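In this note's numbering, the protein residues as written are 490 to 672.
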């Protein structure tokens with residue numbers, strides 16, 4: 490049996506792209522606050538040129554999802570549809586250009602940097618695990634969820650039993666009387 494690390498098969502995983510997206514957002518806010526990128530009275534094309542000049546990347550999460558979708562289509566043998574590249578490039582920066590003005594502050598930069606570090610830490614932990622460790626964790630999560638659902642179903646069943654009235658009579662066997670439904 491080969492020992493393949495869990496996340497090493499997927500170096501451009503979702504966590505990696507999320508971390509990059511958060512870092513790019515923080516860097517974008519810093520550029521806006523330092524006025525190296527001017528958003529005032531600028532058209533979207535002008536802003537995108539500024540982003541390219543400062544070497545911002547199109548949305549890493551969107552790119553990762555598109556790549557996964559492309560791979561899935563290739564595996565199914567379906568043709569890959571090509572889109573207008575200019576429109577795709579403009580859409581790629583919506584995660585930056587579409588940020589609300591209230592988000593463009595130093596506190597948000599710190600928050601985004603912290604979130605990015607947390608994602609990178611989570612990714613490094615994932616990379617350090619073997620595939621069977623990941624399998625066992627997923628199995629444990631599944632079994633815990635199943636147990637929780639079963640206990641919830643049992644709890645609901647016990648509630649229904651409490652609603653029934655049991656009449657004890659020494660001469661007659663126990664009779665269960667159910668409430669009648671009103672029409």
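Ideal Cβ positions, reconstructed from N, Cα and C, are used throughout, including at glycine. All values reported here derive from a predicted model rather than from experimental measurement.
### Task
Determine the burial state of residue 634: buried for a count of at least 16 other Cβ atoms within 10 Å of its Cβ, exposed for fewer.
Taking the first residue of the chain shown as 1, we reach residue 634 at position 145. Residue 634 comes out exposed.
### Task
May I ask which residues mark the beginning and end of the alpha helix (DSSP H) holding residue 535?
Reading the chain shown from its first residue, position 46 is the one you call residue 535. Residue 535 -> alpha helix (DSSP H) spans 533–542.
### Query
Around the C-beta of residue 589, are 16 or more other C-beta atoms found within 10 angstroms, so that it is buried, or is it exposed?
For the purposes of this step, residue 589 is taken as the residue at position 100 of the chain shown. Burial call: exposed.
### Query
Contact check, residue 526 vs residue 539 under 8 Å by CB: the rounded distance?
Taking the first residue of the chain shown as position 1, residue 526 is located at position 37. Taking the first residue of the chain shown as position 1, residue 539 is located at position 50. Going by Cβ atoms, the distance from residue 526 to residue 539 rounds to 5 Å, so yes, they are a contact pair.
### Query
Do residue 515 and residue 601 have their C-beta atoms closer together than 8 Å?
Taking the first residue of the chain shown as 1, we reach residue 515 at position 26. Taking the first residue of the chain shown as 1, we reach residue 601 at position 112. Closer than 8 Å, so yes.
### residue 623 versus residue 580 - alpha carbon distance
Within the chain shown, the letter at position 134 stands for residue 623. Within the chain shown, the letter at position 91 stands for residue 580. Looking at the two C-alpha atoms, the distance is approximately 35 Å.
### Query
Just the Cα atoms here: how many angstroms apart are residue 541 and residue 615?
On the chain shown, position 52 is the one that residue 541 refers to. On the chain shown, position 126 is the one that residue 615 refers to. Cα-Cα distance, rounded: 32 Å.
### Query
Any idea if residue 517 is buried or exposed, counting beta-carbon neighbours within 10 angstroms, 16 or more meaning buried?
Looking up residue 517 in the chain shown gives position 28. By the neighbour-count rule (16 or more Cβ atoms within 10 Å), residue 517 is buried.
### Query
Hey, residue 511 and residue 605: beta-carbon distance below 8 Å or not?
Indexing the chain shown from 1 puts residue 511 at position 22. Indexing the chain shown from 1 puts residue 605 at position 116. Taking 8 Å as the Cβ cut-off, residue 511 and residue 605 qualify as a contacting pair.
### Task
Identify whether residue 567 lies in helix, strand or coil by the three-state DSSP scheme.
Locating residue 567 in the chain shown gives position 78, where the first residue counts as 1. Looking at residue 567 - three-state DSSP - the assignment turns out to be coil, as it is neither helix nor strand.
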